[in-house]
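**Student:**
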Amino acid sequence: MAGTGTAGRKYSERESRMIRRIRSIYEFISIPFVAVFLLYNRRIDPGYGLTFRKKLRLVFRMYRNTRRIETGTSYRAHVAMAAKILEIAPAVEGAIVECGAWKGGTSANLSLVADLTGRTLIVYDSFEGLPPPTEGDRWAHGLATGAFRGELEVVRDNITKGGVIEICDLRKGWFSDSLPSHEEPIVACYFDVDYQQSLHECVLHLWPHLTKSGYMFIDEYTRLDYCGLFFSERWWRDYFDRPPPGLMGAGTGVAVGHFFLGPQRDQAPIQAPNSAAYTRKDFYGAWDFFPDEEPSVRPGGGAGGATGPDGWTPTSVSIAEKAARKRARNAAKRAKDKGSE
Ligand SMILES: C[S@@+](CC[C@H](N)C(=O)[O-])C[C@H]1O[C@@H](n2cnc3c(N)ncnc32)[C@H](O)[C@@H]1O
0 MAGTGTAGRK YSERESRMIR RIRSIYEFIS IPFVAVFLLY NRRIDPGYGL TFRKKLRLVF
60 RMYRNTRRIE TGTSYRAHVA MAAKILEIAP AVEGAIVECG AWKGGTSANL SLVADLTGRT
120 LIVYDSFEGL PPPTEGDRWA HGLATGAFRG ELEVVRDNIT KGGVIEICDL RKGWFSDSLP
180 SHEEPIVACY FDVDYQQSLH ECVLHLWPHL TKSGYMFIDE YTRLDYCGLF FSERWWRDYF
240 DRPPPGLMGA GTGVAVGHFF LGPQRDQAPI QAPNSAAYTR KDFYGAWDFF PDEEPSVRPG
300 GGAGGATGPD GWTPTSVSIA EKAARKRARN AAKRAKDKGS E
């Protein structure tokens with residue numbers, strides 16, 4: 000199909016084919032780079048005994064699964080999730096949860112990570128495709144009802160072929176019926192559920208089960224208004240009485256070696272979003288500086304504190320924290336020098 004550039008210039012069939020080819024060559028040749036840049040990481044828990052060979056094999060299997068099973072997400076997103084899950088110590092109890100499986104392409108890959116880390120993968124889906132729209136849900140449409148239908152047996156087969164079915168628990172039903180009875184602690188969950196109503200249900204029912212530094216990933220990160228849930232002060236105050244956690248990768252996804260400047264509408268066809276976005280249970284994503292108010296209003300334990308009274312962890316190191324670390328290092332050095340005198 001011929002594409003259209005931002006300025007409206009048509010891409011010929013030939014040009015579009017060439018672009019698709021370049022993209023798929025890039026995906027293939029970048030496998031070792033994805034393995035190095037995403038998984039050469041000392042935060043990966045040594046308890047998992049992952050050699051570089053095993054990491055490369057994992058990345059290759061993930062790539063191959065996304066070629067063999069029709070899927071809406073890229074292997075880069077799956078490797079990014081694997082990287083974060085592998086940082087979680089084996090002693091932290093918790094399952095990996097996926098909401099929205101379609102044909103099970105992502106499920107197969109998440110089952111590989113679950114197997115490596117000794118965890119269970121729980122997959123929630125209607126296995127009947129998208130639900131009818133709820134009024135007010137701006138991303139839902141009646142014409143899409145039943146789209147992305149992947150029957151439970153198809154998903155099971157695909158996981159069996161590309162992943163590890165023995166550690167998977169497939170739970171069928173609409174999220175509004177199935178998620179409220181979820182019980183297990185969760186170290187990481189992934190939502191690829193398209194609709195606002197579906198995302199609302201996933202976050203509402205599963206957030207309480209996330210472990211202290213547990214991860215919540217989403218697929219629809221190119222929709223800024225959808226990402227807005229993670230920055231909505233009203234939503235988080237009303238449902239959880241806390242500030243919003245924010246979202247890493249809102250708009251363009253976390254950086255996994257893909258080329259995508261956004262927005263998705265009218266993007267240059269050679270670019271494509273191939274990533275995921277995520278937040279963590281202890282993140283803090285509120286703007287709390289209002290200098291014109293007397294006194295300035297700040298919700299407790301905000302991003303400025305290393306770990307505030309409410310337990311938030313800032314996503315980058317503040318000047319105050321850097322200075323405190325330096326003072327601690329200098330004090331330790333002085334104590335060591337004194338001891339050796
Ligand atoms: C875009 S597909 C997921 C694609 C999949 N992650 C992949 O990698 O190929 C969206 C999925 O969400 C499911 N879904 C969306 N809303 C749902 C709801 N409220 N209850 C149950 N399943 C739902 C659909 O059945 C569908 O399988």
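Numbering (numbering that gives the first Met the number 0), first residue to last: 0 to 340. Just so you know, even glycine gets a beta-carbon here, dropped at the ideal spot from N, CA and C.
1. By Cβ distance below 6 Å, which residues in the same chain neighbour residue 143 in space, the five residues on each side in sequence not counted?
2. When we look at the beta-carbon of residue 158 and count the other beta-carbons within 10 Å, is it buried (16 or more) or exposed?
3. Excluding the five sequence neighbours on either side, which residues of its own chain have a C-beta within less than 8 Å of the C-beta of residue 303, listed in chain order?
4. Tell me whether residue 252, by its Cβ, gets closer than 8 Å to a heavy atom of ligand 1.
5. Would the stretch 22-41 count as touching the stretch 71-89 if we require 3 or more Cβ pairs under 8 Å?
6. Taking 8 Å as the threshold, find out whether the stretch 207-224 comes into contact with the stretch 183-196 through three or more Cβ pairs.
7. Just to confirm before moving on: does the CB-CB distance between residue 62 and residue 26 stay below 9 Å?
8. Am I right that residue 212 and residue 279 are in contact with their C-beta atoms under 8 Å? What's the rounded C-beta distance?
9. Thinking C-alpha only, which one of 275, 277, 276 and 250 is nearest residue 266?
10. Identify every residue that forms a DSSP beta bridge with residue 120.
11. Which whole runs of the alpha helix (DSSP H) in the stretch 16-62 are 4 residues long or more, in chain order?
12. What does the Cβ neighbour count give for residue 0, buried or exposed, with the cut at 16 atoms within 10 Å?
13. Given residue 138, which residues of its chain have a CB within under 6 Å of its CB, disregarding the five upstream and five downstream residues?
14. Which residues in the same chain have their Cβ closer than 6 Å to the Cβ of residue 170, if we skip the five residues on either side of it in sequence?
15. Hey, is residue 111 close to ligand 1, as in C-beta under 8 Å from one of its heavy atoms?
16. Among 12, 9 and 21, whose alpha-carbon lies nearest the alpha-carbon of residue 269?
17. Have a look at the DSSP bridge pairing and note the partners of residue 278.
18. Can you tell me where the beta strand (DSSP E) holding residue 202 begins and where it ends?
19. Note down the Cα distance separating residue 335 from residue 291, rounded to an integer number of angstroms.
20. Ignore the nearest five residues each way along the sequence and tell me which others in residue 372's own chain have a CB closer than 6 Å to its CB.
21. With which residues is residue 188 paired in a DSSP beta bridge?
22. Which partner residues of residue 247 appear in the DSSP bridge assignment?
23. Does the Cβ of residue 148 lie closer than 8 Å to at least one heavy atom of ligand 1?
24. Does DSSP classify residue 9 as helix, strand or coil?
25. State the DSSP-derived secondary structure class of residue 209, mapped to helix, strand or coil.
26. Relative to the C-alpha of residue 152, which candidate in 214, 100 and 91 has its C-alpha closest?
27. Nearest-angstrom Cα distance between residue 133 and residue 208?
28. One question on the structure: do residue 85 and residue 95 come within less than 9 Å of each other, judged by their Cβ atoms?
29. Taking the alpha carbon of residue 105 as the reference point, which residue from 54, 284, 19 and 164 has its own alpha carbon closest?
30. Please look up how many angstroms separate the CB atoms of residue 166 and residue 114, rounded, as I've assumed it's under 8 Å.
31. Comparing C-alpha positions only, which one of 147, 203, 161 and 127 sits nearest to residue 172?
32. Check this for me: beta carbons of residue 205 and residue 228, under 9 Å apart or not?
33. Answer with buried or exposed for residue 230, where buried requires no fewer than 16 other C-beta atoms within 10 angstroms of its C-beta.
**Tutor:** Looking at the atomic coordinates:
1. For the purposes of this step, residue 143 is identified with residue 144 of the sequence shown, where counting begins at 1. Closer than 6 Å at Cβ, skipping near neighbours: 129.
2. Residue mapping note: residue 158 aligns to position 159 of the sequence shown, counting from 1. When all chains shown are included, residue 158 counts as buried.
3. Numbered from its first residue, the sequence shown carries residue 303 at position 304. Residue confidence for residue 303 is low, a pLDDT of 48 falling below 50, so the modelled location carries little weight and cannot support an answer.
4. Position 253 of the sequence shown, counted from the start, is the residue given in the question as residue 252. No, since every heavy atom of ligand 1 falls outside the 8 Å radius drawn around the Cβ of residue 252.
5. yes
6. yes
7. Indexing the sequence shown from 1 puts residue 62 at position 63. Indexing the sequence shown from 1 puts residue 26 at position 27. Going by beta carbons, residue 62 and residue 26 fall inside the 9 Å limit.
8. The residue labelled residue 212 in the question sits at position 213 within the sequence shown. The residue labelled residue 279 in the question sits at position 280 within the sequence shown. Residue 212 to residue 279, Cβ: 6 Å. Contact.
9. Along the sequence shown, read from residue 1 onward, the residue named residue 266 stands at position 267. The option with the nearest alpha carbon to residue 266 is 250.
10. What you label residue 120 is simply residue 121 of the sequence shown in a count that begins at 1. Per DSSP, 95 and 167.
11. 30-38
12. Working through the sequence shown from its first residue, we reach residue 0 at position 1. Here residue 0 scores only 37 on pLDDT, less than 50, and its place in the model is too uncertain to base an answer on.
13. The residue labelled residue 138 in the question sits at position 139 within the sequence shown. Scanning its chain for C-beta atoms nearer than 6 Å, with the 5 sequence neighbours on each side dropped, one finds around residue 138 the residues 194 and 195, in chain order.
14. Here residue 170 corresponds to residue number 171 of the sequence shown, with the count starting at 1. Excluding positions up to five away in sequence, the list reads 123 and 177.
15. To locate residue 111, count along the sequence shown from 1; it is residue 112. For ligand 1, not one heavy atom lies less than 8 Å from the Cβ of residue 111.
16. Locating residue 269 in the sequence shown gives position 270, counting from the first residue. Check the Cα spacing between residue 269 and each of 12, 9 and 21: the tightest is with 21.
17. Against the sequence shown, residue 278 aligns to sequence position 279. Residue 278 pairs with 215.
18. Sequence index remark: in the sequence shown, residue 202 carries index 203 (1-based). Residue range 195-205 is occupied by the alpha helix (DSSP H) that includes residue 202, with no beta strand (DSSP E) assigned at that position.
19. If you number the sequence shown from 1, residue 335 lands on position 336. If you number the sequence shown from 1, residue 291 lands on position 292. The straight-line gap from Cα to Cα measures roughly 48 Å.
20. Limits of the chain in this structure are 0 at one end and 340 at the other, which puts residue 372 out of reach.
21. Against the sequence shown, residue 188 aligns to sequence position 189. According to DSSP, which records beta bridges pairwise, residue 188 is partnered with 96 and 215.
22. Translated into the one-based positions of the sequence shown, residue 247 becomes position 248. Paired residues: 277.
23. The count along the sequence shown starts at 1 and reaches residue 148 at position 149. It does: the Cβ of residue 148 is within 8 Å (strictly closer) of some heavy atom of ligand 1.
24. Against the sequence shown, residue 9 aligns to sequence position 10. Three-state DSSP puts residue 9 in a strand.
25. Translated into the one-based positions of the sequence shown, residue 209 becomes position 210. Residue 209 falls in the strand class under three-state DSSP.
26. Indexing the sequence shown from 1 puts residue 152 at position 153. Comparing Cα positions, the closest option is 100.
27. Stepping through the sequence shown from its first residue, residue 133 is reached at position 134. Stepping through the sequence shown from its first residue, residue 208 is reached at position 209. So the alpha carbons of these two residues sit roughly 26 Å apart.
28. Start at 1 with the first residue of the sequence shown, and residue 85 comes out as number 86. Start at 1 with the first residue of the sequence shown, and residue 95 comes out as number 96. No.
29. Numbered from 1 along the sequence shown, position 106 holds the residue referred to as residue 105. Of the residues 54, 284, 19 and 164, the one whose Cα lies closest to the Cα of residue 105 is 164.
30. One-based indexing of the sequence shown puts residue 166 at position 167. One-based indexing of the sequence shown puts residue 114 at position 115. Yes, residue 166 and residue 114 are in contact; Cβ-Cβ is about 6 Å, under 8 Å.
31. In the sequence shown, counting from the first residue as 1, residue 172 sits at position 173. Residue 127 is the option with its Cα nearest to residue 172.
32. Taking the first residue of the sequence shown as 1, we reach residue 205 at position 206. Taking the first residue of the sequence shown as 1, we reach residue 228 at position 229. Cβ distance not < 9 Å, so residue 205 and residue 228 don't count as in contact.
33. Along the sequence shown, read from residue 1 onward, the residue named residue 230 stands at position 231. By the neighbour-count rule (16 or more Cβ atoms within 10 Å), residue 230 is buried.
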